[in-house]
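Following my numbering, the numbering of the sequence shown begins with 24 at its first residue and continues without gaps.
Glycine included, every Cβ here is placed at the ideal spot set by N, Cα and C.
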Amino acid sequence: MAENIELVGNMHMHTPYSDGEKYHKEIANAAIEAGLDYLIVTDHNIWVDGLEGYYENENGRVLLLIGEEIHNVRRKPQASHFLAYGAERELASFAADPQKLIDEVKQAGGLGFLAHPFEKDVPIFDEPNLGWHDWDIEGFHGLEIWNYMSSFKNQLATAMENLPVNWKLLAYLGIIRVGLNQEKFITGPEPETLALWDKFLAEGKQIVGIGNSDAHGTPISLGFIHREIYPYDYLFRCVNTHILVPEPLSGDVEQDKQMIYNAIRHGHAWVGYDLPHPTKGFRFTGHGINKGIMGDKVQLDSGATLQAKVPTQANMRLIYQGKVVASVENKTNIAYIPVEEGAYRVECTIPFKGKERGWIYSNPIYLW
24 MAENIELVGN MHMHTPYSDG EKYHKEIANA AIEAGLDYLI VTDHNIWVDG
74 LEGYYENENG RVLLLIGEEI HNVRRKPQAS HFLAYGAERE LASFAADPQK
124 LIDEVKQAGG LGFLAHPFEK DVPIFDEPNL GWHDWDIEGF HGLEIWNYMS
174 SFKNQLATAM ENLPVNWKLL AYLGIIRVGL NQEKFITGPE PETLALWDKF
224 LAEGKQIVGI GNSDAHGTPI SLGFIHREIY PYDYLFRCVN THILVPEPLS
274 GDVEQDKQMI YNAIRHGHAW VGYDLPHPTK GFRFTGHGIN KGIMGDKVQL
324 DSGATLQAKV PTQANMRLIY QGKVVASVEN KTNIAYIPVE EGAYRVECTI
374 PFKGKERGWI YSNPIYLW
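Listed below in structure tokens is the structure:
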């Protein structure tokens, strides 16, 4: 099996074309500073044409692509956000009918993901639950299993849930406490999202998982505190989607774009929380009659094995149909001899800021 090239990227962020603060060139500079290889900008309900390409500065370059985050602005609340990648045209006119939207993205050759599927509302700040509400659907390509800013919102909701809605002062103190110490509060993807993913996988569906920042660069002012929450470059060092591609980026925008989308399409990827420790170097492989990486199908035989390795010691778990079938603690590798067909994925945690945190969430290998 040829050695693959690892690329690190982020696939969910916003510019002033919707509700973000910085334009594409500034975002690209932030991505270069954070060490990313690719970006996909996803403004709300607008596909911004003409800005894809390599952006360079004295520190490097990044390939910036354009997608879209689509939702129905007439519904209350404006929930069920859908990430469209690679469709290459405006699709917001289909937002009112989620199934039609999913079908149109597929017909356009794109990939559609349910964004931040499970959220909490924060009534004291008039922040509604913007998770996915329209479950009578089929045919979407994947789930955004970890959205960093949605995790922040959910942690804020937890901190606020016992406060009366008119206790504004305590609420502001709560947002300061969480907002200035978010690394202590964010522990991993929402359990409901992982459970949903496992449910789909157990049903035999091949659902790709991605993780993103949802960066806006939004400034806040609370009394004497004025802060950008959170800067793009900071978020690009947090939850990212790592992909495996067959060759290095060539500098040819079209060729490299298709290679990146092909890796995402096939689930040759994992979600990494790179802030506690870079997840670069993680690998998960299957060895049976054939060999494969994350997203691949591997045919079982009597000597089939699943193997994963990480770049530093971690607690590692192999998940099958929502259950842990193998685990190790403080190790850099795990191996397992499977006997059942189906989807197997890896989760890893690592200690950070005094607590065990979610670190790596692989896409599955599908045994048959």
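Residue state for Tyr384 is assigned as strand, using DSSP reduced to three classes. Only exposed fits Asn80, as fewer than 16 other CB atoms lie within 10 angstroms of its CB. Three or more beta-carbon pairs drawn from the segment 231-244 and the segment 28-35 are found closer than 8 Å, and the two stretches are therefore classed as touching. The beta-carbon separation of Gly309 and Gly315, rounded to 5 Å, stays under the 8 Å limit for a contact.
Beta-bridge annotation (DSSP): Cys371 is paired with Met339 and Ile383. Within its own chain, the residues whose Cβ lies closer than 6 Å to the Cβ of Phe307, once the five positions on either side in sequence are excluded, are Met317, Ala331, Val369 and Ser385, listed in chain order. Sequence-distant partners of Ala107 (beyond 5 residues in either direction) whose C-beta falls short of 7 Å from its own C-beta, in its chain, are Gly90, Glu91, Ile93, Leu114, Val128, Gly133 and Gly135.
Per DSSP, the beta-bridge partners of Ala366 are Tyr389. Looking only at Arg260, Glu26 and Leu30, the smallest Cα-Cα distance to Ser273 is reached by Leu30. Under DSSP, no beta-bridge partner is assigned to Ser325. Looking at the DSSP output, His67 bridges to Glu92. In the structure shown, the three-state DSSP call for Pro121 is helix. If the five residues before and after Gln101 are omitted, its C-beta is found closer than 6 Å to the C-beta atoms of His94, all from its own chain and listed in chain order. For Gln278, the three-state secondary structure derived from DSSP is helix.
Gly154 and Leu219 have their C-alpha atoms spaced approximately 13 Å apart. Out of Trp391, Lys303 and Gly377, the CA that lies nearest to the CA of Ile383 is found in Lys303. Residues of the same chain with a CB within less than 6 Å of the CB of Asn356, apart from the 5 flanking positions on each side, are Lys332 in chain order. In this structure His265 is in contact with Gly295, their Cβ atoms being roughly 5 Å apart against a cut-off of 8 Å.
Scanning Tyr61, Pro140 and Leu267 for the CA closest to the CA of Glu215 turns up Pro140. Judged by DSSP in its simplified three-state form, His37 adopts coil rather than helix or strand.
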